[in-house]
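**Q**
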Amino acid sequence: MLVRKTIIGIILLVLTGIGIAFWGYQNAFEKMNFPNQTESKIVTIPQGSLLPQISKILADSLILEDEFWFELSVKISKKAPEFKAGTFRFEQGKTNQELIETLVSGKQVLVKVTLPEGTTYKQIAKIFQKELGLDSEKIIGLCEDSTFLRELEIPQKNVEGFLLPETYFFPKSLTEKEAIKFLVQEQKKFWEKNYLSETLSLRLKLSKNEILTLASIIEGEAIIDSERTTISGVYVNRLEKGIKLQADPTIQYILPDAPKRLLFKDLKIDSPYNTYLYKGLPPAPINNPGKNSILAALNPKKIPFIYFVATGDGGHTFTKTLKEHLKAKEKFDAVRRKVAREKRRKNRP
């Protein structure tokens, strides 16, 4: 009789233990947090956060109801070392198991950031500050840091020309250094995919830095995509003939209040970037050219033209001789005067 009672007691004890364990498992892993809520929350987990800090952040954000059970579930699962820092989207009504899976996955909220072709690194720094809250001054400092430039294998005093403008999706946890490294790596991948040794490297013996400089000037001039290779061809012809490039974007680059309509006095500014004063390419790129301008610099169209002038509608007139060029310029000046007259007439009271 005593043996039977003992056995029954043991069985009851085991069943109770199993019940408690099951109850604990349910609370730790399968119980829904805020089951009657469906709101989505954006939550940032800072780098180096410990488990108690993470559970408090989730609780304060009304994603997690009971910190104890969450921390217990993490300890049982042994997943804490796999947690990723960053900005995540959490849905209310999720179990602790699902919260753990989100933190382990590292799948973060991404922010769309558009960097227009032809922007300078200082303009890019401001875009990152606006869209991701990064420190623009820190980005500019990194872009000019000689040690960082050597690490990136950039052979000049700043990163101008070596960042690839495009539309990207970045995590909100992105750092200033990661942003610059990423843009440099993207351009490097594009360059290695499209560079052909039999192009300008043989024709003009231009280095990568010089080709990117040419691409940046093309970017500053071209509005219509189909004209890029033609503009490239004109500049290559002028380089081959030893004619000054006389590229307006190089003047805009050295003006503190650019962009603006250039004056004759601007063309006399003594700067190595002034292609009206000095032959050849400037010492470095004047902006960060997009893919199409880089391709145009690598593949200039073989044409007889040496001159081009704007037509007033975004396009250009390309000519072979100075006489033809001056005639085309007269037409453009007439269009510009007409536009100015119409503007003045509209502004009259």
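Be aware that the sequence shown starts at -11, since it is given in my numbering, and climbs by one per residue. The beta-carbon is built from N, C-alpha and C at its ideal position, and this holds for glycine as well.
Leaving out the 5 sequence neighbours to the left and right, which residues in its chain are closer than 6 Å to V224 when beta-carbon positions are compared?
**A** Within the sequence shown, the letter at position 236 stands for residue 224. Hits under 6 Å: P288.
**Q** What three-state label does DSSP hand S161 in the structure shown?
**A** Taking the first residue of the sequence shown as 1, we reach residue 161 at position 173. Three-state DSSP puts S161 in coil, outside helix and strand.
**Q** In terms of residue numbering, what span does the beta strand (DSSP E) encompassing Y295 cover?
**A** Position 307 of the sequence shown holds residue 295. 295 to 298 is the span of the beta strand (DSSP E), which, as asked, contains Y295.
**Q** Over the uninterrupted alpha helix (DSSP H) stretch that includes G36, give me the two end residues.
**A** Indexing the sequence shown from 1 puts residue 36 at position 48. No alpha helix (DSSP H) holds G36; DSSP gives it neither H nor E.
**Q** Tell me which same chain residues have a C-beta within less than 7 Å of the C-beta of I115, skipping the five on either side of it?
**A** Residue 115 sits at position 127 when you count from the first residue of the sequence shown. Counting only Cβ-Cβ distances below 7 Å, and skipping sequence neighbours, we find V101, L103.
**Q** For K317, tell me which candidate among K326, F296, R329 has the shortest Cα-Cα distance.
**A** Position 329 of the sequence shown, counted from the start, is the residue given in the question as residue 317. For K317, the nearest C-alpha among the options comes from F296.
**Q** Could you tell me which of S37, I282, F78 sits nearest to Y183, measuring between CA atoms?
**A** On the sequence shown, position 195 is the one that residue 183 refers to. Residue I282 is the option with its Cα nearest to Y183.
**Q** Measure the alpha-carbon distance for I199 versus S161 and round it to whole angstroms.
**A** The sequence position of residue 199 within the sequence shown is 211, counting from 1. The sequence position of residue 161 within the sequence shown is 173, counting from 1. Taking the straight line joining both Cα atoms gives about 34 Å.
**Q** Thinking just about the alpha-carbon of each residue, which of I274, P159, G302, T309 is nearest to the one in R216?
**A** Start at 1 with the first residue of the sequence shown, and residue 216 comes out as number 228. The shortest Cα separation from R216 among I274, P159, G302, T309 belongs to G302.
**Q** Tell me whether I128 sits in a helix, a strand or coil according to DSSP, three-state version.
**A** Counting from one through the sequence shown, the residue named residue 128 turns up at place 140. If DSSP states are grouped into helix, strand and coil, I128 belongs with the helices.
**Q** Please state whether DSSP places K334 in a helix, a strand or coil.
**A** To locate residue 334, count along the sequence shown from 1; it is residue 346. Correct three-state label for K334: helix.
**Q** Is V147 helix, strand or coil by DSSP?
**A** Residue 147 sits at position 159 when you count from the first residue of the sequence shown. Reduced to three states, the DSSP call for V147 is coil.
**Q** Could you work out which residue in L152, L251, Q25 is closest to I51 when comparing CA atoms only?
**A** Sequence index remark: in the sequence shown, residue 51 carries index 63 (1-based). The shortest C-alpha separation from I51 is found at Q25.
**Q** From the DSSP output, which residues share a beta bridge with V101?
**A** Position 113 of the sequence shown, counting from 1, holds the residue named residue 101. The partner list for V101 (beta bridge, DSSP) reads Y156.
**Q** Could you pull the start and end residues of the alpha helix (DSSP H) that T238 belongs to?
**A** Residue 238 sits at position 250 when you count from the first residue of the sequence shown. First-last of the alpha helix (DSSP H) with T238: 236 to 242.
**Q** For E164 versus D213, is the C-beta distance shorter than 8 Å?
**A** In the sequence shown, the residue the question calls residue 164 occupies position 176. In the sequence shown, the residue the question calls residue 213 occupies position 225. Contact: no.
**Q** Going by other Cβ atoms of all chains shown within 10 Å of its Cβ, with 16 needed for buried, is A203 buried or exposed?
**A** If you number the sequence shown from 1, residue 203 lands on position 215. A203 should be labelled buried.
**Q** Can you tell which of G300, T307, T309, I30 has its C-alpha closest to the C-alpha of V323?
**A** Reading the sequence shown from its first residue, position 335 is the one you call residue 323. Here the closest residue by C-alpha is G300.
**Q** Tell me where the alpha helix (DSSP H) around E369 begins and ends.
**A** Within the shown structure, residues of the chain are numbered from -11 to 337, placing residue 369 beyond reach of any answer.
**Q** Might you give, ordered along the chain, the residues of its own chain that have their beta carbon closer than 8 Å to the beta carbon of V99, omitting 5 neighbours on each side?
**A** Here residue 99 corresponds to residue number 111 of the sequence shown, with the count starting at 1. Once the five neighbours on either side are set aside, the close Cβ partners of V99 are E119, L120, F157, F158, P159, K160.
**Q** Which residues in the same chain as K290 place their Cβ atom closer than 8 Å to its Cβ, once the five residues preceding and following it in sequence are excluded?
**A** Here residue 290 corresponds to residue number 302 of the sequence shown, with the count starting at 1. Around K290: G221.
**Q** Name the two residues that bound the continuous beta strand (DSSP E) containing Q306.
**A** The count along the sequence shown starts at 1 and reaches residue 306 at position 318. A small correction: the amino acid at residue 306 is Phe; Gln does not occupy that position in the sequence shown. From DSSP, the beta strand (DSSP E) with F306 extends over 304 to 307.
**Q** From Q35 to G74, what does the alpha carbon distance come to, in whole angstroms?
**A** Within the sequence shown, numbered from 1, the residue matching residue 35 stands at position 47. Within the sequence shown, numbered from 1, the residue matching residue 74 stands at position 86. About 7 Å.
**Q** So, helix, strand or coil for T83, using DSSP?
**A** The residue labelled residue 83 in the question sits at position 95 within the sequence shown. Correct three-state label for T83: strand.
**Q** Nearest-angstrom Cα distance between N262 and L243?
**A** Position 274 of the sequence shown, counted from the start, is the residue given in the question as residue 262. Position 255 of the sequence shown, counted from the start, is the residue given in the question as residue 243. Roughly 11 Å separates the two Cα atoms.
**Q** Please say whether I205 and I294 have beta carbons closer to each other than 8 Å?
**A** Position 306 of the sequence shown, counted from the start, is the residue given in the question as residue 294. Position 217 of the sequence shown, counted from the start, is the residue given in the question as residue 205. Against a cut-off of 8 Å, the Cβ pair of I205 and I294 comes out as no contact.
**Q** According to DSSP, is L190 part of a helix, a strand, or is it coil?
**A** Position 202 of the sequence shown, counted from the first residue, corresponds to residue 190. Because L190 sits at a pLDDT of 49, beneath the cut-off of 50, its placement in the model cannot be relied upon, and the point is left open.
**Q** Express the C-alpha separation of G149 and P277 in angstroms, rounding to a whole number.
**A** Residue 277 sits at position 289 when you count from the first residue of the sequence shown. Residue 149 sits at position 161 when you count from the first residue of the sequence shown. The straight-line gap from Cα to Cα measures roughly 6 Å.
**Q** Residues in the same chain with beta-carbon distance under 7 Å from T201, minus the five sequence neighbours each way, listed in chain order, please.
**A** On the sequence shown, residue 201 is found 213 positions in, with the first residue counted as 1. Closer than 7 Å at Cβ, skipping near neighbours: G149, L269, P270, A272, P273.
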